[in-house]
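Here UniProt numbering is used: the first residue of the sequence shown is 1, the next is one more, and so on.
Quick reminder that beta carbons are idealized off the backbone N, C-alpha and C, glycines included.
Given the structure is predicted, the values throughout are model-derived calculations rather than measurements.
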Amino acid sequence: MKSKPPVLESYGRLAADYDRRWSGYLRRTIQETLTRMPLHGGERVLEVGCGTGALLAVLAERHPPPLLSGIDPVPQMLARARDRLREEVTLKEGWAEQLPFDDEQFDVVVSLSMFHYIRDPDAALAEMFRVLRPGGRLVISDWCHDYLSCRLCDWYLKWSDPAHFKTYRSAECENLLREAGFQSVASERYKINWLWGMMTATGKKPSW
């Protein structure tokens with residue numbers, strides 16, 4: 001029998017207690033991401049790797065729920081998301097490398113604390129580019145390899161957690177976005193506490 005991908009095993013076990021265990025981290029990273037992702041009320045937003053729906057729940061308080069969508073590969077995490085979100089939010093099971101959405105469907109694609117799990121970042125970014133409308137924005141917030149704490153954690157998780165793949169330096173992440181075809185690429189580094197460093201990288205699909 002073919003074994004499940006490690007991320008399904010890891011997060012299937014974590015789902016029931018995930019929000020309580022990581023409440024402080026989720027609160028801070030969502031806040032920092034949203035300050036770098038201004039919305040004006042009419043955008044269609046897709047979260048890739050939506051997990052238990054924590055970010056989508058905050059968005060649904062200030063943005064029309066029918067315009068929100070999320071995708072995650074872990075059924076147990078999606079079940080938690082469905083419990084907390086209104087029915088108008090579209091949730092689908094799937095992988096970042098094969099997004100089950102039509103071309104040019106979204107104005108904003110966002111990913112929070114997920115990019116370090118992706119085995120094929122080029123394929124995932126190509127899919128995010130595909131589902132964005134011309135002029136649409138990509139926002140990726142994730143652990144930042146520029147910080148010593150994240151470099152140490154990256155080394156440890158590569159040894160101890162099969163679900164983990166790689167953390168990126170901010171310059172690496174910017175290069176990946178440019179190679180995927182995004183323009184106006186930029187990144188910002190910041191700490192969410194005295195120890196942990198994050199980055200948010202942004203890019204825009206050309207308005208052809």
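Within 10 Å of its beta-carbon, does G203 have 16 or more other beta-carbons around it, so buried, or fewer, so exposed? In the sequence shown, the residue the question calls residue 203 occupies position 203. With 16 or more other Cβ atoms within 10 Å, it is buried.
- Query: In terms of residues, what are the limits of the beta strand (DSSP E) holding K158?
  - Reply: Residue numbering aside, residue 158 sits at position 158 when the sequence shown is read from its first letter. Run containing K158: none in the beta strand (DSSP E); it sits in the alpha helix (DSSP H), L148 to S160.
- Item | Proximal residues to D102 (C-beta, below 8 Å), its chain only, five neighbours per side dropped | To locate residue 102, count along the sequence shown from 1; it is residue 102. For D102, where only same-chain residues beyond five positions count, the Cβ hits under 8 Å are V131.
One question on the structure: do F106 and I140 come within less than 8 Å of each other, judged by their Cβ atoms?
Locating residue 106 in the sequence shown gives position 106, counting from the first residue. Locating residue 140 in the sequence shown gives position 140, counting from the first residue. The answer is no: Cβ separation not under 8 Å.
Pair within 8 Å by beta-carbon distance, I30 and L8: Start at 1 with the first residue of the sequence shown, and residue 30 comes out as number 30. Start at 1 with the first residue of the sequence shown, and residue 8 comes out as number 8. Not in contact: I30 and L8 (Cβ atoms no closer than 8 Å).
May I have the straight-line CA-CA distance separating P65 from A123, to the nearest angstrom? Within the sequence shown, the letter at position 65 stands for residue 65. Within the sequence shown, the letter at position 123 stands for residue 123. In a straight line, the C-alpha of P65 is about 28 Å away from that of A123.
message: As an exercise, report each continuous beta strand (DSSP E) stretch of at least 3 residues that is fully enclosed by the stretch 35-68, in chain order.
response: 45-48
- Query: Is it a yes or a no for the stretch 74-90 touching the stretch 143-162, going by three-plus beta-carbon pairs under 8 Å?
  - Reply: no
Worksheet item: Leaving out the 5 sequence neighbours to the left and right, which residues in its chain are closer than 7 Å to R178 when beta-carbon positions are compared?
Response: Mapped onto the sequence shown, residue 178 falls at position 178. The answer, listed in chain order, is V185.
TODO: Taking only heavy atoms of the ligand GDP into account, decide whether any of them is closer than 7 Å to the Cβ of S187.
DONE: No copy of the ligand GDP occurs in the structure displayed, which carries no ligand at all.
**Prompt:** Around the C-beta of Y156, are 16 or more other C-beta atoms found within 10 angstroms, so that it is buried, or is it exposed?
**Reply:** To locate residue 156, count along the sequence shown from 1; it is residue 156. The residue is exposed, with fewer than 16 neighbouring Cβ atoms inside 10 Å.
Open item on the list: Excluding the 5 residues flanking M77 on each side, which residues of the same chain have their C-beta closer than 6 Å to its C-beta?
Closed with: Working through the sequence shown from its first residue, we reach residue 77 at position 77. These residues qualify, in order along the chain: Y11, A15, G51 and T52.
Discussion item. Less than 7 Å between C-beta atoms, sequence neighbours within five positions excluded: which residues of the same chain meet that for F165?
Written reply: In the sequence shown, residue 165 corresponds to position 165, counting from 1. The answer, listed in chain order, is H116, Y117, I118 and R119.
In whole angstroms, what is the alpha-carbon distance linking S170 and V74? Reading the sequence shown from its first residue, position 170 is the one you call residue 170. Reading the sequence shown from its first residue, position 74 is the one you call residue 74. Taking the straight line from one Cα to the other gives about 27 Å.
>> Helix, strand or coil, according to DSSP, for L85 in the structure here?
In response: Along the sequence shown, one-based indexing puts residue 85 at 85. Here L85 sits in coil by DSSP.
Simplified DSSP assignment, three categories, for R169
Counting from 1 along the sequence shown, the entry for residue 169 is found at position 169. Three-state DSSP puts R169 in coil, outside helix and strand.
Q. What separation, rounded to the nearest whole angstrom, lies between the Cα atoms of M1 and L68?
A. Here residue 1 refers to the residue found at position 1 when the sequence shown is read from its first residue. Here residue 68 refers to the residue found at position 68 when the sequence shown is read from its first residue. The predicted position of M1 is uncertain, since its pLDDT is 40 and thus under 50; a value taken from the coordinates is nonetheless stated next. The alpha-carbon atoms of M1 and L68 are separated by roughly 36 Å.
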